[in-house]
Structure formats: structure tokens, C-alpha cells
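At the far end of the sequence shown sits residue 127, using the numbering used here, and the numbering has no gaps.
Heads up, the beta-carbon is just placed ideally off N, CA and C, and yes, glycines get one too.
Here's the structure, in C-alpha cells; my notes come after.
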Amino acid sequence: MTNLKYLAKDLRMKPEVLLKESIEIFLKRNLKVIESELFLLPKKYGVSSVLEFDRMVQEGKFHEEDAFEDYFTFDNLEAERDLIISHMGKL
């Protein structure tokens, strides 16, 4: 495994800069994946947020048994997206 210090030296960068840029790229890539999933999943149900999805389940527009797994996937994706955005703001 490449050591950060040696890699930074080979790339003529400060280790802190290499680490920060690497984390930023990692977070951006994961955010794109999550956002693409968040684009597709709501289209399946015609909603724009997990709150709207929850409301429609409660109103009986979707059967809870049918949408149960997607609901939790949707909720987890939104939470993960918010966490990544929060960390990106701290870089």
C-alpha cells in the first residue's frame, strides 16, 4: 500500500493537500452515485422527497408492504446525501 507521504512527494504535493483533494473527489463521486439513485427512485413513485413518499403511503396511495424496502432505501440515501454534503462543507 502506498504511503501518503511518499505518494505526495512523488506527485510534488503536500500530503495535506493530497489528502484533502482525495477526500473531496471521493465525496463528490459518492454524492453523484447517491444523487443518481435519488433521481430514479422517486420517479418510480412520482414523488420528490421521502416526506412526500411517506405521506402518500399514509394516504393509502401505495401499499406499505410493496413500498417498504424502497422507503427505507430512499430515506437512507437522503440521509447519506445530507451527511456527504455536510462533510464537503467542512473541507
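Next item on the list: Quick one: using the 10 Å Cβ neighbour count with 16 as the cut-off for buried, is residue 87 buried or exposed?
Entry: Under a 10 Å Cβ-count criterion, residue 87 is classified as exposed, with fewer than 16 other Cβ atoms of the shown protein chains found around its own Cβ.
Next item on the list: Between the Cα of residue 114 and those of 84, 102, 91, spot the shortest distance and give me the residue it belongs to.
Entry: Considering only alpha carbons, the answer is 84.
Next item on the list: Put residue 125 into one of helix, strand or coil per three-state DSSP.
Entry: Residue state, collapsed to three classes: helix.
Margin query: Measuring straight from C-alpha to C-alpha, what distance separates residue 94 and residue 80?
Written below: For residue 94 and residue 80, the distance between alpha carbons rounds to 17 angstroms.
Notebook entry, point to check: Could one say the Cβ of residue 82 lies closer than 7 angstroms to chain B's Cβ atoms, at least one of them?
Noted result: The displayed structure is made up of one protein chain only, and chain B is not part of it.
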